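Engineer: The structure's right below; bear with me while I get my questions together.
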Amino acid sequence: MTQPATLQVPSASPIEARIAAIEKFHPLAAAAMRVIDGLMDSGSPTVMGWSSGKDSSVLVSLVLTVAVERTKAALPVPQMLVVHTDTGVESPAVRLLADGELAKMSAFASAHGLPLAIRVGKPSLYTSWPVRVIGGRALPSFPAGSADCSKDWKVDTGNRLMDEVFAELRKDKTAPQPVVMTGVRLDESATREANIRARGESASEIWTNAKGRLGLSPIIHWDADSVFEFLGYASAGLIESYSDFSETLQFYRDAGGSSCAVVGDMRMAESASKQKSGCGARSGCWTCVRVGKDQSAEQMIESDPERYGFMRPLNRLRNFIANTQYDWDSRNYLGRTIDADGNVAVGADVYSPTMLERLLRYTLTAQVREQAAARQAGIAPRFTIMGFRELVAIDAQWSMYGIHKPFHALKIFFEVMDGKLSDPPITGPLPRTPVPRYGKIHVGRAWEDDRRTGDPKRDRMLSSGIRSHAHEMFNDSCGFETKQLTSGEFTTAWDTEDAFDVDEDGAADFVVLMADEYIERYHNDETDRTQALSTYLSMGIVSPAHASIGRWHAIAQRTQWMQRQGLVGEVQRERLLEMMEEQRREGLSTPELVAPPAEPSQAALFDEDELVDLGGVDVFYGDELEQDEDEDARAPAPMG
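Under this note's numbering, think of the first position of the sequence shown as 2, with each following residue one higher.
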């Protein structure tokens, strides 16, 4: 880490008189403003990380206040950027607050002619909650598992957004380097203090992070009282700010169950510190099941039903998911991995097709109820969980894995829209019990040299994967070329993107204009379950990542083979156990499984460390939809 550079604070800044006036009632704010003034004198662009919380709000207010004073004094103001992450599943109260405050920032900057840009980052479609969980790719992040949600939705999204911002700001290599400012404070927690000191952060000196980026932490030495004092002065008009922070203070009062924002904040901090398995957020995501109870949301709902009662359906859905963690009847018992010997694990894995359908119905019901309430109140919906893009992504994943009949997610959507609403049952938490694991069954790997069965109905489901000879035939006009995979196979060279994606307009047009016809034609037991995926690919609605065509092709082949064996969809545990017993009687030996931990730690039945001990099973489950590395550099396994 390089030595921090001391900022040159102007000894006679034209805005010093205003800063001195603020110093009389808030010395810490005045000190921070002088440092920020010096930073702007250097010409460095400022990048402010903003979460909608009190600390980052104070930071942005300080910077914009200095910028306004410099504008009044005819001093230059370098480019300013506010970067913010929208996880898509924040508490609706937090999302409404954030959107409102961002709008105030934009209006304030426009009114004063400030060079402010606001960038909001969102998780990729692949990692978003509806596609990740309802799409059947992974279980929710339960307490004993890894906090993939925090990494995917917050850390990775924030890093990607920051990389984009820096790439833009550093195009001119001769221009002053941008400086990142955050509202971190030493007294937030012992862990936070240790991390801040380890990074060498400073309130008055530029420091350099591990990526070589410059940073400044203007309120690092403030305590919570100083933060709320600043917000109070801004609310009273003593400090010219982009916001009076009335909604911010209201949120802290309500979420903490107090008439005082300071006390409310203390209660929220105490509650967050007791939730050892959570990510530490005081008001987190409505989907979070890493904690037993969403105390902040429930406190708000109970304290002011008129204001926050609209969040009740989301809290009810969250509680249902949390309380059914150990409901083993809601899990799928046939693994998605076929090992080199043609064996598949039998044990509680990801959610069953029935559970996924229930979650989709419950989620759409909550959204429809909110839309109806918003129309009645003459306001915009206060939350939206998914749109056509997410709905089609879910349907594509269900199709790829043979979870449901083709276009089943769209069929559910139409049923809910037609009034067939379903609310999750109110249940207590089930007791923690060991994960049921039984062994393996043999299914073979005959899809690799698929033969005709002689059954005319099943002949239509040869393991063609995602290849379409019909589209390749018209390559010279409007068709698709053929792509040879590293396995030696050929498939159709469908359009690809940097990451798994669904065209929003295309998805909307298909659902609204064409879905009914396709449901009527293909939503049956005889149709190849990958038909929906093939349809979306052929219409350019769904696009795999550049390096994922081989993986998608292999997964579709496996699904087609498993469908011919009658092993897709809701395969009952009892039937699988009967199959295992029949194979034992026939003398077919399959490996036994080691004793399981108390619960699965991640989406798949086995993690990579366990697979090493089970003879090199080839997992085709984690990121097969979104891989960006060169496909030729790493040959995909023939099946997953």
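Just so you know, even glycine gets a beta-carbon here, dropped at the ideal spot from N, CA and C. Remember, it's a predicted structure, so these values are computed and weren't measured experimentally.
Mapping DSSP to helix, strand and coil, what is H470?
Structural biologist: The answer is helix: DSSP assigns H470 an H, G or I state.
Engineer: May I ask you to report which of helix, strand or coil DSSP gives F408?
Structural biologist: Three-state DSSP puts F408 in coil, outside helix and strand.
Engineer: Which residue wins for smallest C-alpha separation from Y509, given the options G541, Q485, L486, F481?
Structural biologist: Residue 509 is actually Ala in this sequence, not Tyr. Nearest option by C-alpha distance: G541.
Engineer: Of all the beta strand (DSSP E) runs that stay within the bounds of the segment 487-552, which reach a length of 3 or more residues?
Structural biologist: Runs of the beta strand (DSSP E) inside the segment 487-552: 491-493.
Engineer: Looking at the unbroken alpha helix (DSSP H) that takes in N316, where does it start and where does it end?
Structural biologist: Run containing N316: 313-324, per the alpha helix (DSSP H) assignment.
Engineer: Expressed to the nearest angstrom, what Euclidean distance is found between the alpha-carbon atoms of L335 and V84?
Structural biologist: Their backbone Cα atoms lie some 43 Å apart in a straight line.
Engineer: Beta-carbon within less than 7 Å of T536's beta-carbon, same chain only, minus the 5 sequence neighbours each way: which residues are those?
Structural biologist: Around T536: Y519.
Engineer: Expressed to the nearest angstrom, what Euclidean distance is found between the alpha-carbon atoms of L606 and T338?
Structural biologist: Model confidence at L606 stands at a pLDDT of 31, short of 50, so the residue's coordinates are unreliable and nothing is read from them.
Engineer: Among all the DSSP beta bridges, which residues are the ones paired with E91?
Structural biologist: In the DSSP output, where bridge partners are listed per residue, E91 has C286.
Engineer: Let's see if you can read the secondary structure: which residues bound the beta strand (DSSP E) around S344?
Structural biologist: Per the sequence shown, the amino acid found at residue 344 is Asn instead of Ser. 344-348 is the extent of the beta strand (DSSP E) around N344.
Engineer: Going by beta-carbon coordinates alone, are E358 and I413 separated by less than 8 Å?
Structural biologist: For E358 and I413, yes; Cβs fall inside 8 Å.
Engineer: For L215 and L162, what's the separation of their Cα atoms in angstroms?
Structural biologist: So the two alpha carbons sit approximately 16 Å from each other.
Engineer: Around the C-beta of M418, are 16 or more other C-beta atoms found within 10 angstroms, so that it is buried, or is it exposed?
Structural biologist: Exposed, by the Cβ-count rule.
Engineer: I need the straight-line Cα distance from A21 to H27, nearest angstrom please.
Structural biologist: One C-alpha to the other measures close to 10 Å.
Engineer: Within its chain, find whatever has a CB closer than 8 Å to the CB of S236; leave out the 5 residues flanking it on each side and keep chain order.
Structural biologist: For S236, where only same-chain residues beyond five positions count, the Cβ hits under 8 Å are D245, F246, S247, L250.
Engineer: Mind reading off the beta-carbon distance from A546 to F501? Whole number of angstroms is fine, and I expect it under 8 Å.
Structural biologist: The Cβ separation is near 5 Å, so the contact holds.
Engineer: Report, in whole angstroms, the separation of the C-beta atoms of H291 and S142, which I expect to be a contact under 8 Å.
Structural biologist: Reading the sequence as shown, one finds Arg at residue 291 and not His. Right, their Cβ atoms sit about 6 Å apart.
Engineer: Given a cut-off of 8 Å, decide if A204 and V36 are closer than it, judged by their beta-carbon atoms.
Structural biologist: It is a contact, given that the beta carbons lie within the stated cut-off.
Engineer: Where do the N-terminal and C-terminal ends of the beta strand (DSSP E) with V180 fall, by residue?
Structural biologist: Start and end: 180-182.
Engineer: Restricting to Cα atoms, I'd like to know which of G159, T192, Q485, E505 is closest to V393.
Structural biologist: The option with the nearest alpha carbon to V393 is E505.
Engineer: Between which two residues does the beta strand (DSSP E) harbouring G159 extend?
Structural biologist: It is not in any beta strand (DSSP E) - G159 instead sits in the alpha helix (DSSP H) that spans 157-170.
Engineer: Using 10 angstroms around the beta-carbon of T560, count the other beta-carbons present and answer buried if the total reaches 16, otherwise exposed.
Structural biologist: Flag for T560 reads buried.
Engineer: Classify L76 as helix, strand or coil using the three-state DSSP reduction.
Structural biologist: Of the three classes helix, strand and coil, the one that applies to L76 here is coil, per DSSP.
Engineer: With C-beta atoms as the reference, is S218 less than 8 Å away from T183?
Structural biologist: A contact, by the Cβ cut-off of 8 Å.
Engineer: Which same chain residues end up closer than 6 Å to A110 when comparing Cβ atoms and leaving out the 5 residues on each side of it in sequence?
Structural biologist: Hits under 6 Å: L117.
Engineer: Between the Cα of N160 and those of V121, L140, P435, spot the shortest distance and give me the residue it belongs to.
Structural biologist: Ranking V121, L140, P435 by Cα distance to N160 puts V121 first.
Engineer: Go to W399, then tell me how far its alpha helix (DSSP H) extends in each direction, as first and last residue.
Structural biologist: First-last of the alpha helix (DSSP H) with W399: 389-401.
Engineer: Whose C-alpha, out of L40, A381, I197, is nearest the C-alpha of P93?
Structural biologist: Ranking L40, A381, I197 by Cα distance to P93 puts A381 first.
Engineer: Per DSSP, which residues does R193 bridge with? Please list them.
Structural biologist: Per DSSP, none; premise fails for R193.
Engineer: Run through DSSP, which three-state label would V572 get?
Structural biologist: Coil, per DSSP.
Engineer: Could you give the first and the last residue of the continuous alpha helix (DSSP H) run that contains Q377?
Structural biologist: First-last of the alpha helix (DSSP H) with Q377: 354-378.
Engineer: Should K55 go down as buried or exposed, given a rule of 16 or more other Cβ atoms within 10 Å for buried?
Structural biologist: Buried, since its Cβ has 16 or more Cβ neighbours within 10 Å.
Engineer: Buried or exposed for H470, please, with buried defined as at least 16 other CB atoms from any protein chain shown within 10 angstroms of its CB.
Structural biologist: Result: exposed.
Engineer: Should Q566 be labelled buried (16 or more other beta-carbon atoms within 10 Å of its own) or exposed?
Structural biologist: Classification of Q566: exposed, given that the 10 Å Cβ count is below 16.
Engineer: Are the segment 523-538 and the segment 395-411 touching by the rule of at least three beta carbon pairs closer than 8 Å?
Structural biologist: Contact between the segment 523-538 and the segment 395-411 is present, because at least three Cβ pairs lie under 8 Å.
Engineer: Can you tell me the Cα-Cα spacing of E307 and Y253, whole angstroms?
Structural biologist: Answer to the nearest angstrom: the Cα atoms are 17 Å apart.
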